[in-house]
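Okay, so here's the structure we're looking at.
Numbering (the UniProt record's numbering), first residue to last: 1 to 155.
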């Protein structure tokens, strides 16, 4: 995103706007983190457990423990402990891998995981509704801003 002066030509106005964007961005991030923490705590889960459930819900293909480890950025040992916790809670189950009889895949136990995932979806739906309320130009500006942030964090 290009820098420059505000529309009124004032560096002070641009700085104030930049400060507001930073403050609001931090607040949005903290709100999302707090929501996930509270949701996880209500269901006696860790944040990584919640991330695993979301990953399983969104996956179109069978999911291995290794894939989950990569997604939640845990070691294979820590991922085994995570899966053991979720299995004891009745949220996931290990099933034979239909493509490799030596392996297993991890599957959601829908009836038990659904209430948790529905709460999470409610937050995503509110976000989607907010995005839908933007004009195309506004949405493109937000997307460009977020892409630029990610490039700078990754680069």
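In this text, a Cβ means the ideal position worked out from N, Cα and C, and glycines have one as well. Everything numeric in this text was worked out from a predicted model, so none of it was measured.
Does residue i come within less than 8 Å of chain D when only Cβ atoms are used?
i          : result
residue 53 : Protein chains in the displayed structure number just one, and chain D is not present.
For residue i, which residues from the same chain have a beta carbon less than 7 Å from its beta carbon, with the 5 sequence-adjacent residues on both sides left out?
i          : result
residue 97 : 62, 103, 104, 105
residue 57 : 108, 117
residue 36 : 47, 50
Within a Cβ cutoff of 6 Å, which residues of the same chain sit near residue i, ignoring the five residues on either side of it in sequence?
i          : result
residue 51 : 72
residue 39 : 119
Can you list, in chain order, the residues of its chain whose CB lies under 8 Å from that of residue i, leaving out five sequence neighbours each side?
i          : result
residue 82 : 46, 48, 49, 52, 68, 72, 74
residue 33 : none
*Taking the runs of the beta strand (DSSP E) that are 3 residues or longer, which of them lie wholly in the UniProt domain "HTH marR-type" (18-151)?*
92-97, 100-108
*asked:* Does the contact criterion of 3 or more C-beta pairs under 8 Å hold for the region 96-105 versus the region 55-69?
replied: A contact exists between the region 96-105 and the region 55-69.
*asked:* Below 8 Å, how does it come out for the region 86-102 and the region 36-55: are there three or more Cβ pairs, yes or no?
replied: yes
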